[in-house]
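Heads up: the sequence shown runs through residues 57 to 614, numbered per the working numbering. Here's the structure we're looking at; comments come further down.
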Amino acid sequence: MPVPSSFNDIVMDASIRDHVGWVWYQRSWFASRAWSRDHNRVFLRFGSVHYWAKVWLNGKFVGDHQGGHLPFEFEITDHLVTGSINLLTVAVNNRLHPNTLPQGRTTYPNSSLYPQGYSIYSHSCDYFDFSGINRPVYLYTTPRTYVKDVEFSANVVNQTLGALTYNIITSDVQNSCTVKLLNKYNKGVAYSTLCTGTLTVEDVRPWWPVLRTADQGSWVRLRGSDERYQLAAVGRSQCYPVTWDNHGVQINGENLYIHGFGMHEDSNIRGRGFDSAVLMRDINLLQWVGANAIRTSHYPYAEETIAALERYGILVIVETPGCSIGSYDDDLLKEHKRILEKTIHAHRKRANVIIWSIANEPSNTTRPDAVNYFKELAQRVRELDPSRPSILVTGEFAHTNASTSAFQYVDIIGVNRYASWYRDSGKLSIIQIQVPLEMNLWYRTFDKPVLITEYGAGSLSGQHVGPAAMWSEDYQVQTLRQYFRAFDNILRSEETFFLGEMIWNFIDFKTPQEYIRPGLCVKGVFTRDRQPKAAAYDVRGRYCSLANIQCTDDYQLI
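Written out as structure tokens, the structure is:
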């Protein structure tokens with residue numbers, strides 16, 4: 057079984073595609089004696105295993121981990137045999153239950169219609185739950201004393217002076233550290249011998265997202281006080297301030313308008329498996345279409361993905377796996393907090409991460425238990441990262457009483473709305489009426505920025521119907537055009553609260569088998585194999601116009 061990859065679509069076997077439970081991976085490799093020189097330490101790092109993982113090396117238990125979509129690692133120094141073959145064993149279980157994120161459920165129908173002991177497994181998310189070792193696995197060594205982490209924050213003190221405050225966390229107590237701040241040309245611009253301190257840089261150039269100005273942040277590189285120990289580069293500093301108020305979000309003091317997509321880590325054969333070629337195709341399509349942001353719906357994406365998007369200036373809303381939560385209790389809240397903390401820790405150093413999404417489409421968010429649940433999560437976001445706002449994404453209709461709603465505690469309201477699709481199907485004319493009215497109602501109730509995080513229509517690639525009808529590419533084009541006009545009406549109004557527009561979805565993606573979808577959610581403006589549908593050209597016109605840039609293709613802007 058290849059790694060990284062989901063196991064579901066590799067073989068021609070439905071029992072493996074639909075398997076729920078334990079699977080086992082094994083591989084062997086030769087460990088050089090050089091790894092043990094200078095008393096090096098050896099670590100094994102997994103980018104993501106979905107959902108439960110147990111790890112053994114040479115028959116000795118190393119550790120376990122719960123939660124897909126997030127990295128974890130173990131030190132294996134004492135288990136590794138250098139100068140010899142080593143055997144790695146990983147057990148993976150993809151079964152979800154009511155206290156995992158996302159939630160799952162196993163029921164046993166007591167009926168003569170089913171065999172004895174028959175079970176039905178389901179999960180709350182409406183995407184296919186690809187499983188296995190989905191992201192890269194790394195072996196790496198460190199010196200005996202090494203940098204475990206670096207906490208830092210960067211800001212512009214005035215128009216030209218930048219300040220980076222840092223705290224170096226080492227595996228052993230260190231009295232001094234050699235610290236060098238490098239610019240993008242690998243030239244040192246600030247220095248220190250303190251493990252905790254502040255570096256200042258003259259003539260600093262703030263980082264901007266794509267389609268504005270493009271100057272990347274600086275790298276922090278660290279070296280221990282013992283010159284033999286060259287320690288790792290630890291991240292890119294967020295050299296720009298993100299601020300927000302009840303009207304919107306600002307970057308470097310300028311108002312941000314988001315135009316992008318909700319996405320999925322999904323591709324043919326590999327499923328949710330990380331693939332650098334697919335990633336670069338996606339980035340090229342995002343650039344081509346003029347998008348400036350994505351949401352990691354509905355789980356945190358690979359570290360490699362967020363880093364690559366940062367290099368190309370694409371903003372990211374990072375979302376937890378809290379998708380379609382249907383019940384609220386203390387055990388689930390504890391797990392949600394743990395996953396939230398790991399999510400923020402994994403991606404907090406990336407300059408392009410601008411918003412933390414706590415959950416997508418939770419149910420009954422005016423219930424007292426739900427209100428308290430999201431109050432605690434929103435407070436936890438502020439404790440962990442006060443430099444970025446939080447968002448809660450809903451499919452519910454606009455609330456009219458802020459005091460009884462969970463949305464009173466988050467900074468931004470995210471709305472998923474499918475007018476003329478799930479509601480008033482086929483009635484395109486109502487979009488320009490309903491969407492501005494509802495967005496305004498959310499704002500008037502909560503006095504907070506509103507971002508439409510999902511909207512759109514499904515289209516079967518190649519299907520054309522005139523006049524436009526549902527499931528055709530023509531209907532998808534007409535739906536998006538009606539939404540564009542609705543958004544323009546909001547932007548022309550006196551109220552300034554609308555943060556942006558994010559189409560659902562970037563690509564067609566796999567779903568569980570069901571009669572309402574043909575194996576895929578086909579709301580993508582690109583097909584699953586990353587080819588443009590008719591709507592992609594209209595979207596490009598829209599997004600290029602919003603960014604005030606010239607599109608070169610021969611088509612008319614909307």
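Every residue gets a Cβ at the ideal spot worked out from N, C-alpha and C, and that includes glycine.
Review point. Should the segment 337-348 be called in touch with the segment 402-414, which here means at least 3 C-beta pairs below 8 Å?
Key: no
Exercise for review: With DSSP collapsed to three states, give me the class of valine 235.
Suggested key: If you number the sequence shown from 1, residue 235 lands on position 179. Residue state, collapsed to three classes: strand.
Review point. Taking C-beta to C-beta, are serine 528 and glutamine 519 nearer than 9 Å?
Key: Taking the sequence shown and counting its residues from 1, the one referred to as residue 528 is at position 472. Taking the sequence shown and counting its residues from 1, the one referred to as residue 519 is at position 463. Yes; because the gap between Cβ atoms is below 9 Å, this pair is in contact.
Check your understanding: Is the distance from the Cβ of proline 377 to the Cβ of isoleucine 400 below 9 Å?
Key -> Along the sequence shown, read from residue 1 onward, the residue named residue 377 stands at position 321. Along the sequence shown, read from residue 1 onward, the residue named residue 400 stands at position 344. Result no, Cβ atoms of proline 377 and isoleucine 400 do not sit closer than 9 Å.
Review point. Roughly how many angstroms separate the alpha carbons of valine 79 and alanine 454, rounded to a whole number?
Key: The residue you call residue 79 lines up with position 23 of the sequence shown. The residue you call residue 454 lines up with position 398 of the sequence shown. Each residue's Cα considered, the two are about 44 Å apart.
Exercise for review: Please report how far the alpha carbon of leucine 440 lies from the alpha carbon of glycine 173, in whole angstroms.
Suggested key: Counting from 1 along the sequence shown, the entry for residue 440 is found at position 384. Counting from 1 along the sequence shown, the entry for residue 173 is found at position 117. Going by the C-alpha atoms only, they are around 45 Å apart.
Check your understanding: Between glycine 280 and proline 574, what straight-line distance do the alpha-carbon atoms span, to the nearest angstrom?
Key -> Translated into positions along the sequence shown, residue 280 becomes position 224. Translated into positions along the sequence shown, residue 574 becomes position 518. Low confidence applies here, because glycine 280 scores a pLDDT of 41, under 50, leaving its location unreliable and the question unanswered by this model.
Check your understanding: Excluding the five sequence neighbours on either side, which residues of its own chain have a C-beta within less than 7 Å of the C-beta of asparagine 114, listed in chain order?
Key -> Position 58 of the sequence shown holds residue 114. Cβ within range, chain order: His135, Val137, Asn142, Leu143.
Practice item. Could I get the ranges of all uninterrupted beta strand (DSSP E) runs contained in the segment 317-346, with 3 residues as the minimum, in chain order? Key: none
Check your understanding: Counting Cβ pairs closer than 8 Å, one from the segment 148-166 and one from the segment 97-117, do we hit at least three?
Key -> yes
Exercise for review: Would you check if the distance between the CB atom of leucine 157 and the CB atom of histidine 392 is smaller than 9 Å?
Suggested key: Along the sequence shown, read from residue 1 onward, the residue named residue 157 stands at position 101. Along the sequence shown, read from residue 1 onward, the residue named residue 392 stands at position 336. Against a cut-off of 9 Å, the Cβ pair of histidine 392 and leucine 157 comes out as a contact.
Review point. Assuming arginine 584 and aspartate 564 make a contact with CB atoms under 8 Å, what is their CB distance in whole Å?
Key: Position 528 of the sequence shown holds residue 584. Position 508 of the sequence shown holds residue 564. Sure, about 4 Å apart at Cβ, within 8 Å.
Point to revise | CB-CB length for valine 305 against leucine 555, believed under 8 Å | key: Taking the sequence shown and counting its residues from 1, one reaches residue 305 at position 249. Taking the sequence shown and counting its residues from 1, one reaches residue 555 at position 499. So it is a contact: roughly 6 Å between Cβ atoms.
Review point. Smallest Cα separation from alanine 407: which of Val111, Thr254, Ile66, Val298?
Key: Within the sequence shown, numbered from 1, the residue matching residue 407 stands at position 351. With distances taken between Cα atoms, alanine 407 lies closest to Val298.
Point to revise | DSSP-derived helix/strand/coil call for phenylalanine 562 | key: Start at 1 with the first residue of the sequence shown, and residue 562 comes out as number 506. Phenylalanine 562: coil per DSSP, three-state reduction.
Review point. Buried or exposed: tyrosine 465, going by 16 or more other Cβ atoms within 10 Å of its Cβ?
Key: In the sequence shown, residue 465 corresponds to position 409, counting from 1. With 16 or more other Cβ atoms within 10 Å, it is buried.
Check your understanding: Relative to the alpha-carbon of threonine 501, which residue among Phe553, Cys181, Ser481, Val533 has its alpha-carbon at the smallest distance?
Key -> Locating residue 501 in the sequence shown gives position 445, counting from the first residue. Looking at the Cα atoms, Phe553 is the closest of the given residues.
Exercise for review: Tell me whether tyrosine 460 sits in a helix, a strand or coil according to DSSP, three-state version.
Suggested key: Counting from one through the sequence shown, the residue named residue 460 turns up at place 404. Just to set this straight, residue 460 is threonine in the shown sequence, not tyrosine. Helix at threonine 460.
Check your understanding: I think glycine 580 touches asparagine 561, with their Cβ atoms under 8 Å apart; what is that distance to the nearest whole Å?
Key -> Locating residue 580 in the sequence shown gives position 524, counting from the first residue. Locating residue 561 in the sequence shown gives position 505, counting from the first residue. Right, their Cβ atoms sit about 5 Å apart.
Review point. Terminal residues of the continuous beta strand (DSSP E) containing alanine 591?
Key: As a first step, residue 591 must be located in the sequence shown, where it is residue number 535. Taken as a continuous stretch (DSSP letters only), alanine 591 belongs to no beta strand (DSSP E), being part of the alpha helix (DSSP H) at 590-602.
**Study point:** Complete runs of the beta strand (DSSP E) confined to the segment 428-505 [at least 3 residues]
**Key:** 446-450, 468-472
Point to revise | Cβ neighbours of arginine 83 in the same chain (closer than 6 Å, five flanking residues each side left out) | key: For the purposes of this step, residue 83 is identified with residue 27 of the sequence shown, where counting begins at 1. Only Leu144 meet the Cβ criterion.
**Study point:** Euclidean distance between Cα positions of glutamate 510 and threonine 352
**Key:** As a first step, residue 510 must be located in the sequence shown, where it is residue number 454. As a first step, residue 352 must be located in the sequence shown, where it is residue number 296. Answer to the nearest angstrom: the Cα atoms are 12 Å apart.
Exercise for review: Can you tell me the Cβ-Cβ gap for serine 476 and threonine 535, rounded? I've got them flagged as a contact below 8 Å.
Suggested key: Mapped onto the sequence shown, residue 476 falls at position 420. Mapped onto the sequence shown, residue 535 falls at position 479. Rounded, the Cβ-Cβ distance is 6 Å, consistent with contact.
**Study point:** Per DSSP, cross-strand counterpart(s) of phenylalanine 130
**Key:** Against the sequence shown, residue 130 aligns to sequence position 74. Its beta-bridge partners are Leu100.
Review point. Using 8 Å as the threshold, is the segment 433-447 in touch with the segment 478-496, meaning 3 or more CB pairs across them?
Key: no
**Study point:** Contact set for serine 178: own chain, Cβ-Cβ below 6 Å, skip 5 residues either direction
**Key:** What you label residue 178 is simply residue 122 of the sequence shown in a count that begins at 1. Taken in chain order, the residues that qualify are Arg161.
Point to revise | Assigned secondary structure, tyrosine 222 (DSSP; H/G/I helix, E/B strand, else coil) | key: Stepping through the sequence shown from its first residue, residue 222 is reached at position 166. Strand at tyrosine 222.
Point to revise | Nearest-angstrom beta carbon gap, aspartate 467 and tryptophan 300 [assumed within contact, 8 Å] | key: Taking the first residue of the sequence shown as position 1, residue 300 is located at position 244. Taking the first residue of the sequence shown as position 1, residue 467 is located at position 411. Indeed they touch by this definition, with Cβ atoms about 6 Å apart.
Practice item. Please classify histidine 95: does DSSP put it in a helix, a strand, or coil? Key: Locating residue 95 in the sequence shown gives position 39, counting from the first residue. The answer is helix: DSSP assigns histidine 95 an H, G or I state.
Check your understanding: Which of the three DSSP states, helix, strand or coil, is assigned to alanine 70?
Key -> Counted from its first residue, the sequence shown places residue 70 at position 14. Of the three classes helix, strand and coil, the one that applies to alanine 70 here is helix, per DSSP.
Review point. Around the C-beta of phenylalanine 117, are 16 or more other C-beta atoms found within 10 angstroms, so that it is buried, or is it exposed?
Key: For the purposes of this step, residue 117 is identified with residue 61 of the sequence shown, where counting begins at 1. Exposed, because fewer than 16 other Cβ atoms sit within 10 Å of the Cβ of phenylalanine 117.
Practice item. Please work out which residues of its chain come closer than 6 Å, Cβ to Cβ, to aspartate 387, disregarding the five sequence neighbours upstream and downstream, and give them in chain order. Key: If you number the sequence shown from 1, residue 387 lands on position 331. Closer than 6 Å at Cβ, skipping near neighbours: Asn155.
Review point. Measuring CA to CA, which of Arg200, Val345, Glu397 is closest to glycine 123?
Key: For this step, residue 123 is matched to residue 67 along the sequence shown. Answer by Cα proximity: Glu397.
Review point. If you draw a straight line from the C-alpha of threonine 252 to the C-alpha of valine 203, how long is it?
Key: Translated into positions along the sequence shown, residue 252 becomes position 196. Translated into positions along the sequence shown, residue 203 becomes position 147. Between threonine 252 and valine 203, the C-alpha separation is close to 13 Å.
Review point. In this structure, does DSSP put asparagine 114 in helix, strand or coil?
Key: Counting from one through the sequence shown, the residue named residue 114 turns up at place 58. In the structure shown, asparagine 114 sits in coil (DSSP, three-state: anything other than H, G, I, E or B).
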